[in-house]
Each structure stands twice: as C-alpha cells, then as structure tokens.
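Here is the structure we will look at.
In the numbering used here, the protein residues as written are 29 to 465.
Given below as structure tokens:
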C-alpha cells in the first residue's frame with residue numbers, strides 16, 4: 029500500500045493496451061473452461077504461502093526487493109503469468125513507462141461469463157525498494173493468484189465474466205492501475221460491475237478492515253467474515269492510497285480488504301482480534317523485514333478465503349435486469365471557476381420511491397476533471413455527492429456511472445445533475461446524463 033496519497037508527477041507513457049483493444053499487448057490465448065462447480069472452495073493457505081516463498085526467493089535473488097523498474101518485479105510478473113497461462117487464463121501483459129523505467133500490469137481473463145458484466149479482482153505486485161514486500165503486497169497478490177487457480181481447478185462457469193489484475197508501480201502512486209483505468213474505453217469501463225482490491229491481507233498483528241465504498245461489496249466481505257465468526261471494522265486509512273482509487277474515481281463500484289499497516293492496534297482491537305495492543309499491525313511495513321517471516325498464517329488464510337467468497341458470490345449471481353432510463357442529452361456549459369450549473373431530468377410513471385441502487389450515468393466533457401464537483405439533487409432538494417474535486421486528477425472528462433441509495437426519495441419529479449468547476453483555466457460542458465431506475 030502506498031504510504032500516503034501522493035501525486036508523483038511522473039506521466040505514464042502508455043506502451044500497450046488492454047484486453048479489449050490490445051493490438052500492441054502480449055496476449056496468450058486460453059483453453060475453454062471445463063465443468064461448472066458453484067460451491068465456494070477453501071483456499072489452501074499452504075498454496076498461498078508457496079507463492080509467497082517464490083516471491084521471497086525472487087527478491088533475494090534480485091537485490092532484496094521487487095520494486096518497479098527492478099529485475100525482481102519483472103521476475104514476479106513472469107512467475108504469476110506462467111501460473112495463469114498454465115491454468116487456462118487469457119493473459120495480457122501491459123507495459124508503461126514511469127520514473128524512467130518500464131512497468132508492467134498483468135491482466136488475466138477467465139473464459140466465459142457475460143462479458144457485459146465483469147467482476148474484477150486486483151492487487152499490486154510491486155514492493156518498495158527497501159524490502160521484498162511479502163505482506164505489502166505479496167500477500168494480496170498471492171491470495172488472488174491462488175483464487176484464480178481455484179477457479180481453474182473448479183472449472184467454474186460464472187454468470188459474469190471474471191478478470192484478475194496485478195498492478196505495477198503502486199508504490200509510486202498507483203501508476204499501473206491508473207494506466208489501466210485511464211486507457212480503458214468508456215464502454216469497457218461501463219461493463220465492470222465491481223472491482224475488489226486486496227492490499228495487505230497477512231499482517232503479523234492483524235486486523236480485518238473492510239472497504240465501505242459500496243454497500244453491496246462491503247456486505248459481501250462482511251458476510252464471509254461473519255460466517256467464520258470474525259468481526260470486522262470499516263477501513264478508513266487507505267482510501268485513495270491503493271489501486272481501488274482509480275476505479276472509484278471513474279464511478280466503478282469498489283470494495284476490498286486490508287489487515288493493517290503502520291497504524292497502532294488499540295486495546296479494544298486486540299480484545300476483538302487477538303494480537304498485541306499498542307503495536308503496529310505490521311511493524312515491518314515498507315521495511316527490509318517485510319519477508320516471508322512477516323506473515324500471520326491465520327490472517328492470510330482468512331483473507332484468501334474471503335477473496336474466493338467474493339469471486340464466487342459476485343461472479344455467479346444473475347446479471348441485473350435493465351431498468352427504466354430517463355435521460356437529458358442537451359449540452360450545458362460549465363463556467364470556468366464559476367457558479368454551479370444544473371441539468372434536469374423529469375421522472376414520471378415510476379411507482380413509489382427511488383431504488384437503493386439508483387444508477388446515475390454521466391458524460392461530462394472537461395479538460396481537467398479534477399476541478400469538478402458533481403452532485404445529484406433529488407426532487408425534494410436533497411443532495412447526494414457523486415464526485416469531489418481533486419487537484420491530482422488531471423485527466424479529461426467524467427464518463428462514469430455512480431450508484432446512489434435514494435430509497436428515501438419519491439421517484440417521480442424533477443431530478444438535477446449539479447456541476448461546479450472550482451478552479452481556473454479549464455473548460456467543459458455537460459454532454460448528457462441519465463438515471464436508471
């Protein structure tokens with residue numbers, strides 16, 4: 029996990045695509061899936077630890093780390109790719125350039141499932157230069173790798189399409205995952221129903237922190253942990269500090285798990301989870317001692333099993349039925365560093381209240397989207413924040429779909445999209461937006 033939410037200033041030079049249009053990407057084709065097995069498997073922790081042992085050996089043989097631009101990182105990518113190629117995945121190796129070195133993402137697609145409804149699971153594979161990064165984030169990377177291999181062993185035939193991602197240069201500011209998201213066409217982004225992130229799942233003095241960015245995805249992981257008798261807390265330290273952030277920033281639903289880093293475990297948390305109060309969850313965070321000895325096997329086992337639970341639960345559910353759409357396609361200019369503007373949609377013929385998962389889709393053209401604050405205004409004037417401003421987000425346009433719990437609002441009436449540009453020197457307009465009930 030990145031130590032803090034930083035802007036690196038290093039522009040990723042984009043040298044390869046993504047699976048949908050990867051003319052310049054390295055693609056290994058898959059063999060088809062076998063039989064359907066829906067039961068969620070137990071992920072053998074011994075297998076996950078075997079992957080960690082390999083990552084440790086790679087670091088030891090390559091200067092003690094697996095950092096971006098170092099031989100240890102490329103060897104790590106090669107190890108994971110070989111496992112997935114042998115298990116029947118279609119793998120795509122993406123390259124990008126940052127800080128003067130080539131970086132790599134690895135994307136693995138499991139054959140089958142509805143390609144218009146994608147469940148994606150990811151973890152960063154790079155370490156800091158100070159150490160081998162076995163908990164941060166060998167643990168998450170090994171957990172999703174073994175889950176992917178379990179998909180293959182089961183011959184899973186999901187209803188939704190399954191995609192796994194291993195990201196490069198996270199420790200430099202989520203460079204790899206930003207590359208993937210920023211260069212994914214709008215139509216492909218819209219197909220991703222969920223992105224689940226697993227960054228540090230084997231901390232030696234562990235906690236169990238679940239992301240609360242999306243209620244449904246939060247609930248999936250809470251259901252798993254409740255079923256094994258382990259209480260959870262909401263993850264509050266990592267928002268914007270790991271690879272879910274680029275997905276969230278474009279309106280993709282995100283969730284995930286974190287077992288703790290350099291935060292201090294409280295007495296109440298030690299009572300709840302065991303371990304040592306007054307000590308870091310991971311005293312070797314970003315240090316040379318983040319080795320294979322820096323792993324709590326119980327936390328690693330639970331974390332890996334939670335990944336499988338999420339993949340099986342989300343990947344085998346029925347895709348949502350299409351809803352009723354109300355849309356406004358009239359352009360509305362957005363004043364530079366000026367007052368907020370609104371665009372209205374009139375909803376009629378809908379019975380009762382709005383849904384708990386009201387979909388708000390938007391296409392806003394703008395030359396620096398980080399300047400924009402976007403709200404949904406209900407017929408009674410209640411306001412729901414969809415997007416906050418960010419000085420670090422210099423990309424163009426806001427083309428995204430957000431989910432709002434509007435179940436307390438009467439559906440029929442005039443809804444508004446409210447947009448304000450809060451900084452100077454960039455221009456844009458609302459191209460279109462829509463509500464899906």
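For each residue, glycine too, the CB sits at the ideal point set by N, CA and C.
It should be emphasised that the depicted structure is a prediction, and the values quoted were computed from it without experimental measurement.
What would DSSP say about residue i, mapped onto helix, strand or coil?
i, result
"residue 139", "coil"
"residue 437", "coil"
"residue 308", "strand"
"residue 393", "strand"
"residue 261", "strand"
"residue 428", "strand"
"residue 335", "helix"
"residue 450", "coil"
"residue 105", "helix"
"residue 292", "strand"
"residue 57", "Its pLDDT being 40, under 50, residue 57 is placed unreliably by the model, and nothing is read from it."
"residue 313", "coil"
"residue 302", "coil"
"residue 66", "coil"
"residue 164", "helix"
"residue 330", "helix"
"residue 476", "There is no way to answer for residue 476, as the model of the chain reaches only from 29 to 465."
"residue 346", "coil"
"residue 87", "helix"
"residue 319", "coil"
"residue 29", "coil"
"residue 421", "coil"
"residue 268", "coil"
"residue 128", "coil"
At which residues does the alpha helix (DSSP H) containing residue i begin and terminate?
i, result
"residue 458", "Careful: residue 458 lies outside any alpha helix (DSSP H), inside the beta strand (DSSP E) at 456–464."
"residue 173", "168–182"
"residue 275", "272–277"
"residue 208", "203–210"
"residue 117", "Looking at the DSSP string, residue 117 is not in any alpha helix (DSSP H), and its letter there is neither H nor E."
"residue 249", "243–255"
Report the partner residues of residue i according to the DSSP bridge assignment.
i, result
"residue 122", "133"
"residue 404", "412, 445"
"residue 285", "226, 238"
"residue 155", "95"
"residue 220", "146"
"residue 189", "146"
"residue 194", "134, 151"
With a threshold of 16 other CB atoms inside 10 Å of the CB of residue i, please say whether the residue is buried or exposed.
i, result
"residue 274", "buried"
"residue 251", "exposed"
"residue 453", "exposed"
"residue 484", "Because the chain in this structure spans residues 29 to 465, residue 484 falls outside the shown range and cannot be described."
"residue 172", "buried"
"residue 270", "buried"
"residue 292", "exposed"
"residue 98", "buried"
"residue 323", "buried"
"residue 355", "exposed"
"residue 84", "buried"
"residue 94", "buried"
"residue 60", "Since pLDDT at residue 60 reaches only 35, below the 50 mark, its modelled position is unreliable, and no value is offered."
"residue 472", "Any question about residue 472 goes unanswered here, given that the chain covers just 29 to 465."
Any beta strand (DSSP E) of 3 or more consecutive residues that is wholly inside the stretch 352–390: 353–356, 360–362, 369–375
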